[in-house]
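I have placed the structure first, in the form of structure tokens, so that the comments after it can refer back to it.
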Amino acid sequence: MFRRKTRILVIEDDREITRILRRSLAAHGYEVLIAHSGEQALEVLEQQSPHLLLLDLGLPNMSGLDVCKQVRIQSKSLPIIVLSVRNTESEKVQVLDLGADDYITKPFGMDEILARIRVAMRRTFLSSQEMESILTLGPLQIDFEHQTVSLNGQAIKLTPTEYDLLKILVEQRGKIVTQSMLLSHVWRNDQKNNPIFSTSLWGNCVVRLNRTQFILVS
Ligand code: CA
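In case it helps, the working numbering puts the sequence shown at residues 1134 to 1351.
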């Protein structure tokens, strides 16, 4: 079955910690995105929709707390695991009250971080399963668990790319979906700077979008 890797955004200004996290998480099969500031993190968040955030509190300019607040305005369910050298009970309470899901004190062990990530992702998967493993929009039904789509009860055969495209459009329904979001989610960033790919992408994309629109409004 076609599955994407879990995508983790590491928000950390310490280059050495970033390097260790990137290497260890990638070695365990995660796709790793890096932001060295809160501002950069919000851009990455918008463009690449990670599945989980590892958030350092001590960031330059925009603090980790502000990042946490901002993320929660945009998403209530995105798992946030905070990393911090500070270790007071009041700070932990503050961070958890702001919407973080978990709190790890530095210095940390990689095994602990990996275990907390597994717990957070399991919780997210279970709650998304409970809430929306099957989404019905009028005559359209999408089964996210089995990655199948039907219209008026008839199964529709989609390629993995078409399925991903439909999924992001449905997930972002009511919002603007930018070219860079599609490139990141559906075609990945590998081809972002390839003008030939971008041109042919848009030719194909229009066809696929039209099909999708047909599906969504039929
Ligand atoms: Ca820091």
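Beta carbons are placed, not taken as given, at the ideal position from N, Cα and C, and that holds for glycine.
- Anyone know if the C-beta pair for Leu1186 and Leu1247 falls short of 7 Å? The residue given as residue 1186 occupies position 53 in the sequence shown. The residue given as residue 1247 occupies position 114 in the sequence shown. No, they are not a contact pair.
- Do Leu1188 and Gly1197 have their CB atoms nearer than 7 Å? By one-based count along the sequence shown, residue 1188 stands at place 55. By one-based count along the sequence shown, residue 1197 stands at place 64. Their beta carbons are under 7 Å apart, which means Leu1188 touches Gly1197 by this criterion.
- Message: Between Asp1189 and ligand 1, is there a pair consisting of the residue's CB and a ligand heavy atom that are separated by less than 6 Å?
- Response: Locating residue 1189 in the sequence shown gives position 56, counting from the first residue. Yes, the Cβ of Asp1189 comes within 6 Å of a heavy atom of ligand 1.
- Message: Tell me the rounded alpha-carbon separation between Ile1301 and Leu1291.
- Response: As a first step, residue 1301 must be located in the sequence shown, where it is residue number 168. As a first step, residue 1291 must be located in the sequence shown, where it is residue number 158. Cα to Cα, the separation comes out at about 14 Å.
- Can you list, in chain order, the residues of its chain whose CB lies under 6 Å from that of Ile1275, leaving out five sequence neighbours each side? Translated into the one-based positions of the sequence shown, residue 1275 becomes position 142. Excluding sequence neighbours, Ile1275 sits near Leu1268 and Val1282.
- Report whether the distance from the Cβ of Asp1199 to the nearest heavy atom of ligand 1 is below 6 Å. Taking the sequence shown and counting its residues from 1, one reaches residue 1199 at position 66. No; taking the cut-off as 6 Å, the Cβ of Asp1199 has no heavy atom of ligand 1 nearer than that.
- Which residues mark the beginning and the end of the alpha helix (DSSP H) in which Gln1227 is found? Reading the sequence shown from its first residue, position 94 is the one you call residue 1227. Per DSSP, Gln1227 belongs to the alpha helix (DSSP H) from Glu1222 to Asp1230.
- To the nearest angstrom, report how far apart Ala1233 and Asp1297 are at their CA atoms. The residue given as residue 1233 occupies position 100 in the sequence shown. The residue given as residue 1297 occupies position 164 in the sequence shown. If I take the Cα positions, the gap works out to 28 Å.
- Does the region 1172–1181 touch the region 1145–1156, meaning 3 or more C-beta pairs lie closer than 8 Å? no
- Query: Helix, strand or coil for Asp1276 per DSSP?
  - Reply: Taking the sequence shown and counting its residues from 1, the one referred to as residue 1276 is at position 143. Of the three classes helix, strand and coil, the one that applies to Asp1276 here is strand, per DSSP.
- Item | Nearest-angstrom Cα separation, counted from Ala1159 out to Pro1240 | Residue numbering aside, residue 1240 sits at position 107 when the sequence shown is read from its first letter. Residue numbering aside, residue 1159 sits at position 26 when the sequence shown is read from its first letter. When rounded, the distance between both Cα atoms is 20 Å.
- Message: Is Asp1146 close to ligand 1? I mean its beta-carbon at under 6 Å from any heavy atom of the ligand.
- Response: As a first step, residue 1146 must be located in the sequence shown, where it is residue number 13. Result yes, Cβ under 6 Å from ligand 1.
- Query: When the distance is taken between beta carbons, is Leu1231 closer than 7 Å to Cys1201?
  - Reply: Residue 1201 sits at position 68 when you count from the first residue of the sequence shown. Residue 1231 sits at position 98 when you count from the first residue of the sequence shown. Contact: yes.
- Query: Buried or exposed: where does Ala1288 fall if 16 or more other Cβ atoms within 10 Å of its Cβ makes it buried?
  - Reply: Taking the sequence shown and counting its residues from 1, the one referred to as residue 1288 is at position 155. The residue in question, Ala1288, is exposed, as its Cβ has fewer than 16 Cβ neighbours within 10 Å.
- Do you know how far the Cα of Ala1168 is from the Cα of Gln1305? Here residue 1305 refers to the residue found at position 172 when the sequence shown is read from its first residue. Here residue 1168 refers to the residue found at position 35 when the sequence shown is read from its first residue. Approximately 23 Å between the Cα atoms of the pair.
- Item | Other residues of its chain near Thr1221: CB distance less than 6 Å, five sequence neighbours each side excluded | Sequence index remark: in the sequence shown, residue 1221 carries index 88 (1-based). Result list for Thr1221: empty, nothing under 6 Å.
- Task: Using 10 angstroms around the beta-carbon of Gly1162, count the other beta-carbons present and answer buried if the total reaches 16, otherwise exposed.
- Result: Here residue 1162 refers to the residue found at position 29 when the sequence shown is read from its first residue. Classification of Gly1162: exposed, given that the 10 Å Cβ count is below 16.
- Message: Output needed for Ala1253: all residues of its chain with C-beta closer than 8 Å, excluding positions within five of it in sequence on either side, in chain order.
- Response: Translated into the one-based positions of the sequence shown, residue 1253 becomes position 120. Leu1185, Pro1212, Ile1214, Asp1234 and Asp1235.
- Message: So, with DSSP's three-state summary, where would you put Asp1146?
- Response: For the purposes of this step, residue 1146 is identified with residue 13 of the sequence shown, where counting begins at 1. Looking at Asp1146 - three-state DSSP - the assignment turns out to be coil, as it is neither helix nor strand.
- Task: Could you check the C-alpha separation between Asp1146 and Ser1266 for me, to the nearest Å?
- Result: Counting from 1 along the sequence shown, the entry for residue 1146 is found at position 13. Counting from 1 along the sequence shown, the entry for residue 1266 is found at position 133. C-alpha separation (whole angstroms): 36 Å.
- Assumed close pair Met1195, Glu1172 - CB separation to whole angstroms, cut-off 8 Å: Translated into positions along the sequence shown, residue 1195 becomes position 62. Translated into positions along the sequence shown, residue 1172 becomes position 39. With 8 Å as the limit, Met1195 and Glu1172 qualify as a contact, their Cβ atoms being about 6 Å apart.
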